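J.:
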Amino acid sequence: MSFALDGAGLTHANGFTALSGITLRANKGERIALIGPSGAGKTSLLSVLGTALAPSAGSVEVLDFGFPGASTAGMPSFPRKRESMSANEISGVSLASRLRTRIGTIHQAPPIPGRQRVVTAVLAGKLGQWPAWKSLASLLYPLDVAGARATLERLDLADKLFARCDQLSGGQLQRVGIARVLYQQAELILADEPVSALDPALALATVHQLTADTEARGATLVASLHAVDLALNCFPRIVGIKGGRIAFDLPAGEVSEALLHDLYASEGQTLPTLANEPRFTTLAAANDPATRAACC
Amino acid sequence: MLLNPAPPRDPAARGRLSGALLALVILWPLFRAAEFKPGALFDSSNLKVIGHFLAGFLPPERGAEFLAYLGKATLETLAIATAGLALAFVLAVPLGYLATAAGREQPTLNPLSRSLLTILRGIPELVWALLFVRVFGLGPAAGVLALGLTYGGMLAKVYAEILESVDPAPAHALRHNGAGRPLAILYGLLPQASKELASYTVYRWECAIRASVVMGFVGAGGLGQLMDQAMKMLNGGEAASILLTFMLLVFAADGISGWLRRALDTPPAARASPFGWRSISFLLVLPSAIIASFHWLEIGFGELFTAGAAHSIGEFVAGFLPPDLSSDWLARVGLGIWETLAISVVGTLLAAASGLLLALPKWRAPFSFLLNTLRSVPELVWATITALAVGLGPFAGALALALHTTGVLGRLYAEALDNAPAAPGHALRLAGAPTGLSFLYGTLPGAAPQLIAYTLYRWEMNIRMAAILGFVGAGGLGQLLYFELSLFHHAQASTVIIAMLILSIAVDQTSAWLRQRLR
């Protein structure tokens, strides 16, 4: 069991309900794509799985750490902290931080200071696992250049190892954020639109690296994706989300045109895809064994 | 994938190492020159003196006669600041207009007015005050003139820079249509820059209050003069009352200046008349405050422009020429420069370290109070106290600078850290990193350029301050100047003033270069 949500709901302090009645389970090593229109609750769901937000209803169990929602037990071990800029965050209890070192989150906007060098930004993935002296010394001289370089090489960024992050393009910076999480070697990787700033070819290659990495290590991957074809091609299991609820939860091969049409009903006729091609091509490609083999 | 087994070496490591070594090689002798020995703080005989003095602080003096003096001195301080800033404004508007490249067809730097501004700013206000006291005698007139000249130079420079920093297109368009330069600036640039100009002027008024407190130390009236007397007689009770008054005054000025700046931020009401009740009452209060200040100080500026005054000024100035350039004297001045540099560097570094520590805690209230208290006491007043604590000499000066600067930098650092992007630190904590490391890896890099810039700007101010701390026995160029002036050795004094000027220009350049390098 990698995680289990049981009737989880999330209502923000301003009364907006982002998620309701989410029941979702995943075994170790599963690869799941979250799809759905903007504002459907994909990011909120990933935040709850990443313990960034506490559920306001239902219960959540992540990597064998359980914490019930507010309605059931008042979250004794995860006290709600003051309202921060965007989210009410769970405070860093040592138990929580030990759990968190096992979860890697790829954020939509790479949260990396511009003045930091790429090598430092990647090595920061292990701050929760390294002893404090090592993290401090690494600020003066990066202590695992080889490791950072090997990770960047997989994302075709090895030449930027010692560049400063404010010299990178948006797409390069996004891949640095991914490299950090790959370097962290988390058991559960949560990716929020991980390839939104990349061109189609690079997006495909990058998602491939993510799936290959998790598959090789037996880790779990949950990625929200804007491009439906990418999701259908590269992920065995697809979860459609709409209005804070799960619309469907099916193997990729069983996702029908009608389901997709319903899911994106408000976004007009065309489905969001990498190349924004008509959707029959998408589905055809998804079911074409050659494409599937090439990707995953 | 290419075969590339050996990981590359960090190309920045060599630069970092040599930078660190260079800093050590430069800083070590500077710390030596500042006679940095924290042990002196805990020396038993020093502890006894300062303990005795501080014990005298309680209870603060509240005798009716003393309080009357105190009230009068407070008003005098306020009046000096207000009159001085009014004079500075009158000087700054034409000088700023001449110096700025704004509204010119060809961007030119007016070298003549620029260098005049540098001289006005480069000589600390206290040195001007000391000189004016010699010409016009003891009293507030010297303080007002000194403030007017130095702050005139500062205001003019900043006005010029603000006008240059706004979008030049409207002024260019007006000039193409045949408008003259003054009108092009008034209609094209002023509307964009007015808020910043006003805000900076208000901020300078706040600084002028702190500065005029200090003027008294060279006999230019106000609270400083009372403080000087109290310290010389080691009267702790009076010193405590005066210090409390300082703080109240500075807090009040802070409050008024904050209120004025917020008022500038509120959008104007939609009506034809540009004035509301607030601006009308402000326009009434401001001139009356200025007139009242000049009246209260009884400065007859008419007397300054008589033939007799002109003659005595001429004679006084002639005494400074030519400066003493004998090698003996130059060597002593060189030593003074080195000591002054040491005081400013050590003071600023100590302040940067303690300011950062005090800026970190999340629960701000007690720390903000501590920082405000440190900040509200001027360096020169701190120096009279630190001189008791560690004995006369450069270390007392460095400590005094550090105490005041800690207050300033701590507050600025806290704001900068608050404004730094929060997402990187959040993300690291979310990946299980401890809070301290998330700060170092996530938050600090975002705030670092600001922190460095603030520190270097303060260093530029501190070099000017370090040059005058010697007036109360804290070593460096100030001690030389004070000594020579009291012996009427004007030629020697003039060498010291030139040295101060060169030093402050050199530090400005170094700091600008460092800011560029560390960006």
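Protein chains in written order, with UniProt numbering: chain V, 1 to 296; chain D, 1 to 519.
All residues carry an ideal CB built from backbone N, CA and C; glycine is no exception.
As the structure is a computational prediction, the values presented were derived from the model and not from experiment.
1. What distance in whole Å lies between the Cβ atoms of GLY171 of chain V and LEU198 of chain V, which are believed to be in contact at a cut-off of 8 Å?
2. With DSSP as the reference, label LYS242 of chain V as helix, strand or coil.
3. I'd like to know if HIS208 of chain V contacts chain D, where contact means its C-beta is closer than 8 Å to some C-beta of that chain.
4. Quick check: residue 527 of chain D and GLY128 of chain V, are their CB atoms within less than 8 Å of each other?
5. Taking the alpha carbon of ALA309 of chain D as the point to measure from, which residue in D:VAL135, D:GLY224, D:GLY393 and D:LEU186 has its own alpha carbon closest?
6. Can you list, in chain order, the residues of the segment 413-435 of chain D whose Cβ is nearer than 9 Å to any Cβ on chain V?
7. Can the beta-carbon of ALA179 of chain V be found less than 8 Å from the beta-carbon of LEU157 of chain V?
8. If I'm right that PRO111 of chain V touches ALA427 of chain D with Cβ under 8 Å, what's the distance once you round it to whole angstroms?
9. Assign VAL285 of chain D to one of two classes, buried (16 or more other C-beta atoms within 10 Å of its C-beta) or exposed (fewer than that).
10. Go ahead and label TRP382 of chain D buried or exposed: buried means 16 or more other beta carbons lie within 10 angstroms of its beta carbon, across all protein chains shown.
11. Does the Cβ-Cβ distance between GLY397 of chain D and VAL496 of chain D come in under 8 Å?
12. Out of V:LEU259, V:LEU24, V:LEU63 and V:VAL119, point me to the one whose CA is closest to ARG149 of chain V's CA.
13. Indicate the three-state DSSP secondary structure (helix, strand or coil) for ASP213 of chain V in the structure shown.
14. In three-state DSSP terms, what is PRO251 of chain V?
15. Report the neighbours of PRO191 of chain D on chain V: residues whose CB is nearer than 7 Å to its CB, in chain order.
16. I'd like to know whether the C-beta of ILE112 of chain V is nearer than 8 Å to at least one C-beta of chain D.
17. Does chain D have any CB closer than 8 Å to the CB of ALA97 of chain V?
18. Give the straight-line distance between the Cα atoms of GLU415 of chain D and LEU358 of chain D, rounded to the nearest whole angstrom.
19. Leaving out five residues on either side along the sequence, give the residues of the same chain with a beta carbon under 7 Å from the beta carbon of GLY41 of chain V.
20. How would you list, in chain order, the residues of chain V whose beta-carbon sits under 7 Å from the beta-carbon of ALA448 of chain D?
21. Considering ALA191 of chain V, what are the terminal residues of the beta strand (DSSP E) in which it resides?
22. Note down the Cα distance separating PHE16 of chain V from ALA156 of chain D, rounded to an integer number of angstroms.
23. Is there contact here, the segment 192-202 of chain D with the segment 111-122 of chain D, by at least three beta-carbon pairs under 8 Å?
24. Taking SER326 of chain D as the reference, which of D:TRP277, D:GLU105 and D:GLN492 has the closest Cα?
25. Would DSSP call ASP199 of chain V helix, strand or coil?
26. Taking the alpha-carbon of ASP418 of chain D as reference, which of D:GLY407, D:TRP363 and D:TRP459 has the nearest alpha-carbon?
27. Alpha carbons only, please: which of D:GLU164, D:PRO11 and D:PHE367 is nearest the one belonging to LEU412 of chain D?
28. If I follow the unbroken beta strand (DSSP E) through LEU501 of chain D, where does it start and stop?
29. Where in the segment 317-405 of chain D do unbroken runs of the beta strand (DSSP E), each at least 3 residues long, occur, reported from the N-terminal end onward?
30. In the DSSP assignment, find the unbroken beta strand (DSSP E) run with ALA33 of chain V in it and report its ends.
31. Would you decide whether ILE502 of chain D is buried or exposed? Buried here means 16 or more other CB atoms lie within 10 Å of its CB.
32. May I have the straight-line CA-CA distance separating ASP10 of chain D from PHE162 of chain V, to the nearest angstrom?
33. Only counting the same chain, and skipping five residues up and downstream in sequence, which positions put a Cβ closer than 6 Å to that of PHE57 of chain D?
34. Roughly how far, in whole angstroms, is the beta-carbon of ALA193 of chain D from the beta-carbon of VAL158 of chain D, given that I think they are within contact range, below 8 Å?
35. Would you kindly work out how many angstroms separate the C-alpha atoms of LEU514 of chain D and ALA453 of chain D, rounded to a whole number?
36. Please confirm whether ASP10 of chain D has its beta-carbon closer than 8 Å to some beta-carbon of chain V.
T.: With the structure as the only source:
1. Contact flag correct, Cβ pair sits at about 5 Å.
2. In the three-state reduction of the DSSP assignment, LYS242 of chain V falls in the strand class, which pools E and B.
3. Cβ-Cβ to chain D under 8 Å: no for HIS208 of chain V.
4. This structure gives no information on residue 527 of chain D, because the portion of chain D shown stretches from 1 to 519.
5. Among D:VAL135, D:GLY224, D:GLY393 and D:LEU186, the Cα nearest to that of ALA309 of chain D is on D:VAL135.
6. Residues passing the 9 Å Cβ filter: ALA420, PRO421, ALA422, ALA423, PRO424, GLY425, HIS426, ALA427, LEU428, ARG429, LEU430, ALA431, GLY432, ALA433, PRO434 and THR435.
7. LEU157 of chain V is positioned such that its CB atom lies closer than 8 Å to that of ALA179 of chain V.
8. About 4 Å separates the two Cβ atoms, so the contact holds.
9. By the neighbour-count definition (other C-beta atoms within 10 Å, threshold 16), VAL285 of chain D is an exposed residue.
10. Buried, since its Cβ has 16 or more Cβ neighbours within 10 Å.
11. No.
12. Comparing Cα-Cα distances from ARG149 of chain V to each of V:LEU259, V:LEU24, V:LEU63 and V:VAL119, the minimum goes to V:VAL119.
13. DSSP places ASP213 of chain V in helix when its eight states are reduced to three.
14. PRO251 of chain V falls in the strand class under three-state DSSP.
15. Simply none; closest approach about 33 Å.
16. Cβ-Cβ to chain D under 8 Å: yes for ILE112 of chain V.
17. Per the sequence shown, the amino acid found at residue 97 of chain V is Ser instead of Ala. For SER97 of chain V, the closest Cβ of chain D is nearer than 8 Å.
18. So the alpha carbons of these two residues sit roughly 12 Å apart.
19. Same-chain partners within the cutoff: ALA18, LEU19, ILE241 and GLY244.
20. The answer, in chain order, is ARG115.
21. If you look at ALA191 of chain V, you'll find it in the beta strand (DSSP E) that goes 188-192.
22. Straight-line Cα distance between these residues: approximately 53 Å.
23. Cβ pair count under 8 Å is below three, so no.
24. Its Cα nearest to that of SER326 of chain D, the residue D:GLN492 stands out among D:TRP277, D:GLU105 and D:GLN492.
25. Looking at ASP199 of chain V - three-state DSSP - the assignment turns out to be coil, as it is neither helix nor strand.
26. Distance from the Cα of ASP418 of chain D is smallest, within the candidate group D:GLY407, D:TRP363 and D:TRP459, for D:TRP363.
27. Out of D:GLU164, D:PRO11 and D:PHE367, the CA that lies nearest to the CA of LEU412 of chain D is found in D:PHE367.
28. No beta strand (DSSP E) holds LEU501 of chain D; the alpha helix (DSSP H) holding it covers 490-517.
29. Fully contained in the segment 317-405 of chain D is no beta strand (DSSP E) run of length 3 or more.
30. Secondary structure note for ALA33 of chain V: its beta strand (DSSP E) is the uninterrupted segment 31-35.
31. Counting Cβ neighbours within 10 Å, ILE502 of chain D comes out exposed, since fewer than 16 surround it.
32. Between the alpha carbons of ASP10 of chain D and PHE162 of chain V lies a gap of roughly 7 Å.
33. Listed in chain order, the non-local C-beta contacts of PHE57 of chain D below 6 Å within the same chain comprise GLY236 and ALA240, local neighbours out to five positions each way being set aside.
34. Between ALA193 of chain D and VAL158 of chain D the beta-carbon gap is near 11 Å, outside 8 Å, which marks them as no contact.
35. C-alpha separation (whole angstroms): 9 Å.
36. Any Cβ of chain V closer than 8 Å to the Cβ of ASP10 of chain D would place that residue at the interface, and such an atom is present.
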